[in-house]
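What follows is a set of notes on a single structure, which appears directly below.
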Amino acid sequence: MHTQGPEEANLMMHEEWGLLSSGVEGIGVNYGFLGNNLPPPAQVISFLKSKNIQKIRIFYPNPDVLKALENSAISVILGTRNEDLQALASDPNFATNWVQNNVIPYASLLDFTYISVGNEVIPGPLASFVLGAMQNLDSAIRASGYYIPVTTTISLQVLATSYPPSNGAFSEEAVQFLQPIAQFLAAKYYPLLANVYPYFAYSGNSAQIQLDYALFLNTAPIVTDGALQYKNLFDAMVD
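When you read off a place in the sequence shown, starting at 1, and then add 4, the result is the number in this note's numbering.
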């Protein structure tokens, strides 16, 4: 545990979910709550443990799921609802209450890897609230005596240019929000999270992208970008 220190209807393997940091993460799942026939959380967590899944992402707090995760040895990325961003940014007391209600009751019995503030809201009408919400939640968590990095999750739509990888650059619309967020993250040594979907890149351009390249099946480089070579689409998209 850390001390002092588009939802899906079903569980979905998230190899498409990247960490824009120097760390290496394992395979985990996105746990979505949309659907009218979802199994009970305890059954879901038992299934994940049987498959040796050790990481999970929850898009917003669900007490039953968090309770089922206690003492499971599954690390958790916990999201906030996008509709809570304005309140989290403008009212430190709201952020404190959010932490007291959704983090503190579980933090001694499960491992919160990160708190993700919003999902794919940059750029957009809620983008201006992300940094303030991150700062208020970070302060509230630290005041509680726990260390849980606070970040946000972006889509690759924030990029104006993505190919070749060395030319990757944020769009003008996104950079005004991402630059101060990046400064906050760098100062705290927190990562930036990104949703990376090779399937959509392939399906939107299958005439130019080889299927084996999208499915991690190539053993030889397919794309060369200066001194860098890429054997799969995922690595190229993250880079």
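For glycine and all other residues, C-beta sits at the position ideal for the given N, C-alpha and C.
CB-CB under 8 Å to residue i, same chain, minus the five flanking residues each way: which ones, in chain order?
i, result
"Ala186", "Leu196"
"Ala224", "Lys235"
"Ile57", "Ile31, Gly32, Val33 and Ile78"
Can you name, in chain order, every residue of its own chain whose Cβ lies under 6 Å from the Cβ of residue i, other than the five neighbours on each side?
i, result
"Ala99", "Leu92, Asn140, Leu141 and Ala144"
"Tyr206", "Ile213 and Ala218"
"Ala240", "Pro169, Val227 and Tyr234"
"Leu135", "Pro184 and Ile185"
Determine the direct distance from the alpha carbon of residue j to that of residue i, and round the result to whole angstroms.
i, j, result
"Leu163", "Ile213", "19 Å"
"Glu19", "Ala190", "For Glu19, the predicted structure reports a pLDDT of 37, less than 50, and the residue's modelled location is therefore unreliable. A value from the coordinates is still provided. The straight-line gap from Cα to Cα measures roughly 24 Å."
"Ala231", "Leu215", "24 Å"
"Gly32", "Val69", "16 Å"
"Ser148", "Leu113", "15 Å"
"Lys55", "Leu182", "36 Å"
"Leu221", "Asn236", "8 Å"
"Tyr193", "Thr117", "13 Å"
"Pro109", "Gln47", "21 Å"
"Ile81", "Tyr151", "13 Å"
"Glu177", "Leu130", "13 Å"
"Glu87", "Tyr64", "11 Å"
"Phe204", "Phe174", "19 Å"
"Asn97", "Pro43", "35 Å"
"Phe238", "Ser210", "15 Å"
"Leu15", "Asn41", "Note on Leu15: pLDDT 32, under 50, position unreliable in the model; the coordinate value appears next. The alpha-carbon atoms of Leu15 and Asn41 are separated by roughly 12 Å."
"Gly83", "Asn101", "15 Å"
"Gly208", "Ile60", "28 Å"
"Asn34", "Val154", "18 Å"
"Pro202", "Ser94", "36 Å"
"Phe37", "Gln104", "22 Å"
"Phe51", "Arg146", "33 Å"
"Ile49", "Phe188", "34 Å"
With distance defined between alpha-carbon atoms, name the residue in the options nearest to residue i.
i, options, result
"Ala72", "Asp88, Lys53 and Thr84", "Lys53"
"Ala111", "Pro67, Gln233 and Val134", "Pro67"
"Ile62", "Ser79, Ser50 and Asn75", "Ser79"
"Met138", "Gly128, Ile119 and Ile49", "Ile119"
"Asn106", "Arg85, Phe51 and Asp95", "Arg85"
"Val179", "Gln104, Tyr35 and Ser132", "Ser132"
"Gly128", "Tyr35, Gln90, Phe37 and Leu38", "Gln90"
"Asp115", "Asn75, Ile49 and Ser50", "Asn75"
Using only the heavy atoms of the ligand FAD, determine whether one of them is closer than 7 Å to the beta carbon of residue i.
i, result
"Pro184", "Ligands in the displayed structure: none, and consequently the ligand FAD is not present."
On the DSSP bridge list, what partners appear for residue i?
i, result
"Lys55", "According to DSSP, which records beta bridges pairwise, Lys55 is partnered with nothing at all."
"Arg61", "Asn34 and Ile81"
"Tyr234", "Val227"
"Asp115", "Ser79"
"Thr165", "Ala173"
"Ser120", "Gly83 and Thr155"
Once you ignore the five residues that flank residue i on each side, which residues in its own chain have a CB closer than 7 Å to its CB?
i, result
"Gly172", "Leu163, Thr165 and Ser166"
"Asp229", "Pro168, Pro169 and Ser170"
"Pro45", "Asp68, Val69 and Ala72"
ask   = Using 8 Å as the threshold, is the segment 147 to 162 in touch with the segment 106 to 125, meaning 3 or more CB pairs across them?
value = Yes: at least three Cβ pairs fall under 8 Å.
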